[in-house]
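This report refers to the structure that appears directly beneath it.
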Amino acid sequence: MPGGCGSRDPRRVLQPNARAPPCALILADHGCIRMKRPDAMLDPTLIRNQLDAVRTGLATRGDGFGGDLDRLVALDAERRAILPALETARHARKDVGERIARARRSGEAVDELVKAGQAHAAAIKEQETKLEAVEAERGSWALKLPNLPHTSVPVGRSDKDNVEVRRHGAPTGFEFEPRPHWEIGPALGILDFERAARLAGARFAVLTGAGARLARALINFMLDLHTGEHGYTEVEPPFLASSDALTGTGNLPKFEDDLFKIAGHWDLYLIPTAEVPLCNLHRGEILDERALPAKYVAYTPCFRSEAGSYGKDVRGLIRQHQFDKVELVAYATPDTSWDVHEALTRHAEEVLKRLGLPYRTMLLCTGDMGFAASKTYDLEVWLPSYETFREISSCSNTEAFQARRAGIRFRHDGRGKPEHVHTLNGSGVAVGRALVAILENYQQRDGTVIIPEVLRPYMQGLEVIEPGGK
RNA sequence: GGAGGGAUGGCCGAGCGGUCGAAGGCGGCGGUCUUGAAAACCGUUAGCGGGGAAACUCGCUCCUGGGUUCGAAUCCCAGUCCCUCCGCCA
Numbered sequence: 234m235p236g237g238c239g240s241r242d243p244r245r246v247l248q249p250n251a252r253a254p255p256c257a258l259i260l261a262d263h264g265c266i267r268m269k270r271p272d273a274m275l276d277p278t279l280i281r282n283q284l285d286a287v288r289t290g291l292a293t294r295g296d297g298f299g300g301d302l303d304r305l306v307a308l309d310a311e312r313r314a315i316l317p318a319l320e321t322a323r324h325a326r327k328d329v330g331e332r333i334a335r336a337r338r339s340g341e342a343v344d345e346l347v348k349a350g351q352a353h354a355a356a357i358k359e360q361e362t363k364l365e366a367v368e369a370e371r372g373s374w375a376l377k378l379p380n381l382p383h384t385s386v387p388v389g390r391s392d393k394d395n396v397e398v399r400r401h402g403a404p405t406g407f408e409f410e411p412r413p414h415w416e417i418g419p420a421l422g423i424l425d426f427e428r429a430a431r432l433a434g435a436r437f438a439v440l441t442g443a444g445a446r447l448a449r450a451l452i453n454f455m456l457d458l459h460t461g462e463h464g465y466t467e468v469e470p471p472f473l474a475s476s477d478a479l480t481g482t483g484n485l486p487k488f489e490d491d492l493f494k495i496a497g498h499w500d501l502y503l504i505p506t507a508e509v510p511l512c513n514l515h516r517g518e519i520l521d522e523r524a525l526p527a528k529y530v531a532y533t534p535c536f537r538s539e540a541g542s543y544g545k546d547v548r549g550l551i552r553q554h555q556f557d558k559v560e561l562v563a564y565a566t567p568d569t570s571w572d573v574h575e576a577l578t579r580h581a582e583e584v585l586k587r588l589g590l591p592y593r594t595m596l597l598c599t600g601d602m603g604f605a606a607s608k609t610y611d612l613e614v615w616l617p618s619y620e621t622f623r624e625i626s627s628c629s630n631t632e633a634f635q636a637r638r639a640g641i642r643f644r645h646d647g648r649g650k651p652e653h654v655h656t657l658n659g660s661g662v663a664v665g666r667a668l669v670a671i672l673e674n675y676q677q678r679d680g681t682v683i684i685p686e687v688l689r690p691y692m693q694g695l696e697v698i699e700p701g702g703k
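With our numbering applied, the first sequence covers 234 to 703.
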């Protein structure tokens, strides 16, 4: 459920009378958050008026809607049929109520009027019951519809149909046989899978000494870059989120199996990415257009059950139940969001450039995109042990998909009806995989690992990680 | 975990079950006065959804969800959040 509206709500206390919003947090132009349950993920008008386009668009997706769109349309029509009847009945009841009040005052009899009122009340109840059933079914269909791919997205079935749009650096060459990170790390004494397994099971890792410090250096380097040079506001959010928040981003109701749920009576999950708290930061708000685009960056741990990925990437740090990530999220107006998407992708790329890691930028095809995305670029970093590029960042524009589910809007020119904002997200970048890429790409014949120059200030000047490295 | 107190429009703050979508104040906007400004005075000022070219009109909205009633901001139940105190605690 939405947050409360206590008069001590900090948003109200901070509410400025002046027009200019503060730079850090955008303030809603109303202090109180009211939210009904999410309406639909796709624009209902679009489904109503351009059914065929929606149908063909969704069909190109890998996770395409398996259900019956016709049923959804029928439910929508039913709803729109009930509404006028309900409103007429309510109007009649209100009218009778006023006449009773007047009659009472002048001492006239009200028995007949009360009887009429009772009839209206019964009619209202009947319509409401019908409406409730229709909306419940419609809602459960609607929330499972994935986003429509943007027209610039290539149609394809799998990652094989993704398109490389640019490349930076050449795959690292070695004059010796490079080793995988799951050998390099333990040999240096900075990475330990055995002890992690003993304390938490498979798919966990312990970083120690220079390994832990390297992770922290990466986090700080990325945060400093995005806040200092790319204009993002740093956020430290909760690492748990409610089912409403996860529904807003599209993780629920379809992908509950991918999440870790808190035991007990709590309606809480461990966040699978900081995209969840950052996209829900302005849940239920109407934003000031002048504060857009609003850009946030957060470091958080991320938790994923990795259900259904048994046997995949079982070795090393590539696929863990817990990993660190620095996440970028932007809120933009519809006419700027595509520019923001390109910029955000470049911001993520800049991290890899400065770390001196070879990578390529892939435009995902329709079949390989995530549920909420309208268009996605993946950044793939070169990993010598795999002799291939592996995903290290994913940058998506969800257009109004998440905003509609989470009720995030803005008012054009400060007037008129509020419109949904566009939300964008991208890893900037995954810390664990960046650490893997450094260990593997910067390894030397003697097993030591050179620290990229940009990280050295964050490592007390350390240039090389040697065995037993502190 | 225990005990209390709260939640009303952009903000503060009233509100006997019956023209209450809500007094009053502040703020905002428009005007009078003024060389200009301030002050003073007058007027105006909620959101959301639907219909209409428009004036306009219908419905919903006083934390949320149920209930009582012809009729609920107001009464009842459940929940959420905030505040104060005690306990515990990084």
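Ideal Cβ positions, reconstructed from N, Cα and C, are used throughout, including at glycine.
**Asked** In terms of residue numbering, what span does the beta strand (DSSP E) encompassing N453 cover?
**Response** Counting along the chain, N453 falls outside any beta strand (DSSP E), though it belongs to the alpha helix (DSSP H) covering A443 to G461.
**Prompt:** Do the CB positions of L550 and A667 come within less than 8 angstroms of each other?
**Reply:** no
**Asked** Rounded C-beta distance between V664 and I452? I'm assuming under 8 angstroms.
**Response** 6 angstroms
**Item:** Residue span of the alpha helix (DSSP H) that contains I423, given as start and end
**Value:** Where I423 is concerned, there is no enclosing alpha helix (DSSP H), given that its DSSP letter is neither H nor E.
**Request:** List in chain order: all unbroken alpha helix (DSSP H) runs of 4+ residues lying wholly within the region 293 to 339.
**Result:** 302 to 338
**Request:** Apply the 10 Å Cβ neighbour rule to R537 and answer buried if 16 or more other Cβ atoms are within range, or exposed otherwise.
**Result:** buried
**Request:** From the DSSP output, in three-state form, read off L283 for me.
**Result:** The sequence given here places Gln at residue 283; Leu does not occur at that position. Coil at Q283, not helix or strand.
**Prompt:** Considering only C-alpha positions, which residue in the set A450, L588 and A605 is nearest to I625?
**Reply:** L588
**Request:** In the DSSP assignment, find the unbroken beta strand (DSSP E) run with L612 in it and report its ends.
**Result:** Segment K608 to L616, the beta strand (DSSP E) holding L612.
**Asked** Which residues in the same chain have their Cβ closer than 7 angstroms to the Cβ of L424, if we skip the five residues on either side of it in sequence?
**Response** G418, A438, L440 and G444
**Request:** Keeping to the same chain, check which residues put their C-beta closer than 8 angstroms to that of A581; ignore five residues upstream and five downstream.
**Result:** L561, L612, S626, C628, G659, S660, G661 and V662
**Item:** Inter-stretch contact at 8 angstroms, needing at least 3 Cβ pairs: the region 598 to 612 / the region 629 to 637
**Value:** yes
**Item:** Where the alpha helix (DSSP H) containing P510 begins and where it ends
**Value:** E508 to C512
**Asked** In whole angstroms, what is the alpha-carbon distance linking R436 and R412?
**Response** For the pair R436 and R412, the Cα-to-Cα distance works out to about 20 angstroms.
**Prompt:** Can you tell me the Cα-Cα spacing of G264 and R516, whole angstroms?
**Reply:** Because G264 carries a pLDDT of 28, less than 50, the predicted location of this residue cannot be relied on, and no value is offered for it.
**Request:** Can you give me the start and stop residues for the alpha helix (DSSP H) that G372 sits inside?
**Result:** DSSP places G372 inside the alpha helix (DSSP H), whose first and last residues are D344 to A375.
**Item:** Anticipated Cβ contact below 8 angstroms, L378 with L458, distance rounded
**Value:** Their Cβ separation, rounded to whole angstroms, is 36 angstroms, which puts L378 and L458 out of contact at 8 angstroms.
**Prompt:** Alpha carbon to alpha carbon, how far is A325 from A349?
**Reply:** 9 angstroms
**Message:** Quick check: G442 and Y592, are their CB atoms within less than 8 angstroms of each other?
**Reply:** no
**Prompt:** If we ignore side chains and look at the alpha-carbon of each, how far apart do D303 and H574 end up?
**Reply:** 33 angstroms
**Message:** Starting from S629, trace the beta strand (DSSP E) in both directions and tell me its first and last residue.
**Reply:** T621 to N630
**Request:** Could you check the C-alpha separation between R638 and G481 for me, to the nearest Å?
**Result:** 5 angstroms
**Message:** Spatial neighbours of D490 within its chain, please: C-beta separation below 8 angstroms, excluding the five flanking residues on both sides.
**Reply:** Closer than 8 angstroms at the Cβ level, and outside the excluded window around D490, lie S538, A540 and G541.
**Prompt:** DSSP three-state call for K650: helix, strand or coil?
**Reply:** coil
**Message:** Considering only their Cβ atoms, is the gap separating T460 from Y564 smaller than 8 angstroms?
**Reply:** no
**Message:** Quick check: what's the CA-CA separation for F622 versus V614?
**Reply:** Rounded to the nearest angstrom, the two C-alpha atoms are 5 angstroms apart.
**Buried versus exposed, by CB contacts within 10 Å (16 or more), W499** = exposed
**As assigned by DSSP and simplified to three states, the class of F634** = If DSSP states are grouped into helix, strand and coil, F634 belongs with the helices.
**Asked** Going by Cα to Cα distance, which pick from T681, E686, L511 and L291 is closest to G422?
**Response** T681
**Request:** Compute the Euclidean distance between the alpha carbons of I333 and A352, then round it to the nearest angstrom.
**Result:** 14 angstroms
**Asked** Taking the alpha-carbon positions, what's the W415 to P510 distance?
**Response** The straight-line gap from Cα to Cα measures roughly 32 angstroms.
**Prompt:** Once you ignore the five residues that flank G600 on each side, which residues in its own chain have a CB closer than 6 angstroms to its CB?
**Reply:** Setting aside the 5 residues that flank it on each side, G600 is surrounded in the same chain by G295, G389, R390 and S391, each with a C-beta closer than 6 angstroms to its C-beta; the list follows chain order.
**Prompt:** When you compare only the Cα positions, how much space is there between V306 and T293?
**Reply:** Across the structure, V306 and T293 are spaced so that their CA atoms are roughly 20 angstroms apart.
**Request:** Can you say whether R446 is buried or exposed, counting buried as having 16 or more other CB atoms within 10 angstroms of its CB?
**Result:** buried
**Prompt:** Hey, is the region 357 to 370 in contact with the region 327 to 345, meaning 3+ C-beta pairs nearer than 8 angstroms?
**Reply:** no
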